[in-house]
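**Q**
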Amino acid sequence: MTLLYIVIATFAGGLLSVVIAASLTVAVLGKVVHHLVSLSTGVLLGTALLDVLPEAFESKTASPQSLFACLLGGLLFFFLLEKAELYRHGHHHEGDEHHHHHGFDRQQAGRGGWSVIMGDSIHNFCDGIIIAAAFLADTRLGTVTALAIIAHEIPQEVGDYIVLLNAGFSRGKALFYNAVSGMAAVVGGVIGYFIVGPWEAMFPYLLVVASSSFIYVAVADLIPQLQHRLSLRGTLAQLAWMGAGLAIVVVAVSQLHEH
Numbered sequence: 005m006t007l008l009y010i011v012i013a014t015f016a017g018g019l020l021s022v023v024i025a026a027s028l029t030v031a032v033l034g035k036v037v038h039h040l041v042s043l044s045t046g047v048l049l050g051t052a053l054l055d056v057l058p059e060a061f062e063s064k065t066a067s068p069q070s071l072f073a074c075l076l077g078g079l080l081f082f083f084l085l086e087k088a089e090l091y092r093h094g095h096h097h098e099g100d101e102h103h104h105h106h107g108f109d110r111q112q113a114g115r116g117g118w119s120v121i122m123g124d125s126i127h128n129f130c131d132g133i134i135i136a137a138a139f140l141a142d143t144r145l146g147t148v149t150a151l152a153i154i155a156h157e158i159p160q161e162v163g164d165y166i167v168l169l170n171a172g173f174s175r176g177k178a179l180f181y182n183a184v185s186g187m188a189a190v191v192g193g194v195i196g197y198f199i200v201g202p203w204e205a206m207f208p209y210l211l212v213v214a215s216s217s218f219i220y221v222a223v224a225d226l227i228p229q230l231q232h233r234l235s236l237r238g239t240l241a242q243l244a245w246m247g248a249g250l251a252i253v254v255v256a257v258s259q260l261h262e263h
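Residues in the sequence shown are numbered consecutively from 5, following the working numbering.
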């Protein structure tokens, strides 16, 4: 059953993002991405700090010092991965000062379209492994971790879809390649299930690495995008959506604890 849960969870993120992108026009997507970024920021931070990290630190097999060292190493690892343009592969949302929807340089986008797909696939593959490790540690933890990743994947995939359109891809091809890159998470989840399973003692460290991924994406990638809207109304809206993301995590954790 655990493998089935992993496949369903990893499949859901890619499917939801494609369905949302297919159902909305580019103009509407540009308006809702702001709110989705704020929402996913709250979900990622809430999941990392209120659920996954506490679960890892409750382990009797790893010392707090080694887990904090792992957290530091994870943050540095994702920083270096971003430097290599593999992890942060173009969260090009309307309002990020790039204005990709209106006048984005088509030649630059054409060169970047395939790199976005490749970077997205690598990112999703890593997410699949993280989801597998969380489900192997605990079904409840796996569910919350998957929800956090899905919440981040939706605005990310929608943003990448817009970039692919600007790169000259047709709507159908952009949706298709988005879906293909999303399925890399399923591959990562299945491989993670068979590779990570025998290494149960490593679960606390894998959970900390997952948390470092969530924290890094939220603090280094998403929050700087939100700083571009500093009006009082925009700030209050951002806080409201972040609060909604935190509330989702709190409610999900409490409900899953009851079961």
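By construction, the Cβ of each residue, glycine as well, lies at the ideal position given by its N, Cα and C atoms.
Between 226, 15 and 172, which has its C-alpha nearest residue 43's C-alpha?
**A** Counted from its first residue, the sequence shown places residue 43 at position 39. Ranking the options by Cα distance to residue 43, first place goes to 226.
**Q** Please classify residue 62: does DSSP put it in a helix, a strand, or coil?
**A** Numbered from 1 along the sequence shown, position 58 holds the residue referred to as residue 62. Coil.
**Q** Beta carbon of residue 60, beta carbon of residue 49: below 9 angstroms?
**A** Here residue 60 refers to the residue found at position 56 when the sequence shown is read from its first residue. Here residue 49 refers to the residue found at position 45 when the sequence shown is read from its first residue. No; because the gap between Cβ atoms is not below 9 angstroms, this pair is not in contact.
**Q** Kindly indicate which residue of 10, 133 and 65 has the alpha-carbon position closest to the one of residue 200.
**A** Here residue 200 corresponds to residue number 196 of the sequence shown, with the count starting at 1. If we check each option's Cα against that of residue 200, 133 comes out closest.
**Q** On a Cα-Cα basis, can you pick out the residue from 249, 216 and 192 that is closest to residue 7?
**A** Start at 1 with the first residue of the sequence shown, and residue 7 comes out as number 3. Ranking the options by Cα distance to residue 7, first place goes to 192.
**Q** Between the C-alpha atoms of residue 45 and residue 168, what's the straight-line distance to the nearest angstrom?
**A** Within the sequence shown, the letter at position 41 stands for residue 45. Within the sequence shown, the letter at position 164 stands for residue 168. Taking the straight line from one Cα to the other gives about 24 angstroms.
**Q** Go ahead and label residue 203 buried or exposed: buried means 16 or more other beta carbons lie within 10 angstroms of its beta carbon, across all protein chains shown.
**A** Counted from its first residue, the sequence shown places residue 203 at position 199. The residue in question, residue 203, is exposed, as its Cβ has fewer than 16 Cβ neighbours within 10 Å.
**Q** For residue 32, does the count of other Cβ atoms within 10 angstroms reach 16, so buried, or fall short, so exposed?
**A** Reading the sequence shown from its first residue, position 28 is the one you call residue 32. Answer is exposed; the Cβ neighbour count stays below 16.
**Q** With H, G and I counted as helix, E and B as strand and the rest as coil, what does DSSP make of residue 232?
**A** For this step, residue 232 is matched to residue 228 along the sequence shown. Residue 232 falls in the coil class under three-state DSSP.
**Q** Could you give the distance in angstroms between the alpha-carbon of residue 22 and the alpha-carbon of residue 57?
**A** By one-based count along the sequence shown, residue 22 stands at place 18. By one-based count along the sequence shown, residue 57 stands at place 53. Roughly 30 angstroms separates the two Cα atoms.
**Q** Distance, Cα to Cα, residue 158 vs residue 172?
**A** Position 154 of the sequence shown, counted from the first residue, corresponds to residue 158. Position 168 of the sequence shown, counted from the first residue, corresponds to residue 172. Between residue 158 and residue 172, the C-alpha separation is close to 22 angstroms.
**Q** Spatial neighbours of residue 129 within its chain, please: CB distance less than 7 angstroms, with the 5 preceding and 5 following residues excluded, ordered by chain position.
**A** Walking along the sequence shown from the start, residue 129 turns up at place 125. Only 188, 189, 191 and 192 meet the Cβ criterion.
**Q** Can you tell me whether DSSP reads residue 52 as helix, strand or coil?
**A** Counted from its first residue, the sequence shown places residue 52 at position 48. The answer is helix: DSSP assigns residue 52 an H, G or I state.
**Q** By DSSP, does residue 206 sit in helix, in strand, or in coil?
**A** On the sequence shown, position 202 is the one that residue 206 refers to. Three-state DSSP puts residue 206 in a helix.
**Q** For residue 175, which residues in the same chain have their Cβ closer than 6 angstroms to its Cβ, ignoring the five residues on either side in sequence?
**A** Residue mapping note: residue 175 aligns to position 171 of the sequence shown, counting from 1. Correct list: empty, nothing qualifies.
**Q** Only counting the same chain, and skipping five residues up and downstream in sequence, which positions put a Cβ closer than 7 angstroms to that of residue 24?
**A** In the sequence shown, counting from the first residue as 1, residue 24 sits at position 20. Hits under 7 angstroms: 158 and 162.
**Q** Enumerate in chain order the residues of its own chain whose CB-to-CB distance from residue 121 is below 7 angstroms, with the five nearest sequence positions on each side excluded.
**A** Within the sequence shown, numbered from 1, the residue matching residue 121 stands at position 117. Closer than 7 angstroms at the Cβ level, and outside the excluded window around residue 121, lie 181 and 185.
**Q** Is it the case that the Cβ atoms of residue 55 and residue 257 are separated by a distance below 9 angstroms?
**A** Reading the sequence shown from its first residue, position 51 is the one you call residue 55. Reading the sequence shown from its first residue, position 253 is the one you call residue 257. Cβ atoms of residue 55 and residue 257: closer than 9 angstroms.
**Q** If contact is defined by three or more beta carbon pairs under 8 angstroms, each pair taking one atom from either stretch, is the stretch 78 to 88 in contact with the stretch 215 to 229?
**A** Remark: three or more beta-carbon pairs, one from each stretch, lie closer than 8 angstroms, so the stretch 215 to 229 and the stretch 78 to 88 are flagged as touching.
**Q** Count the other C-beta atoms from every protein chain shown that fall within 10 angstroms of the C-beta of residue 144, then say buried if there are 16 or more, exposed otherwise.
**A** Position 140 of the sequence shown, counted from the start, is the residue given in the question as residue 144. Buried, because 16 or more other Cβ atoms sit within 10 Å of the Cβ of residue 144.
**Q** Note the first and the last residue of the continuous alpha helix (DSSP H) segment covering residue 5.
**A** To locate residue 5, count along the sequence shown from 1; it is residue 1. Neither: residue 5 is in no alpha helix (DSSP H) and is coded neither H nor E.
**Q** Just how far apart, CA to CA, sit residue 26 and residue 179?
**A** Here residue 26 refers to the residue found at position 22 of the sequence shown. Here residue 179 refers to the residue found at position 175 of the sequence shown. Computed Cα separation, rounded: 7 angstroms.
**Q** Roughly how many angstroms separate the alpha carbons of residue 53 and residue 250, rounded to a whole number?
**A** Residue 53 sits at position 49 when you count from the first residue of the sequence shown. Residue 250 sits at position 246 when you count from the first residue of the sequence shown. Looking at the two C-alpha atoms, the distance is approximately 10 angstroms.
**Q** Which full runs of the alpha helix (DSSP H) of 4+ residues lie inside the stretch 148 to 200, going along the chain?
**A** 175 to 200
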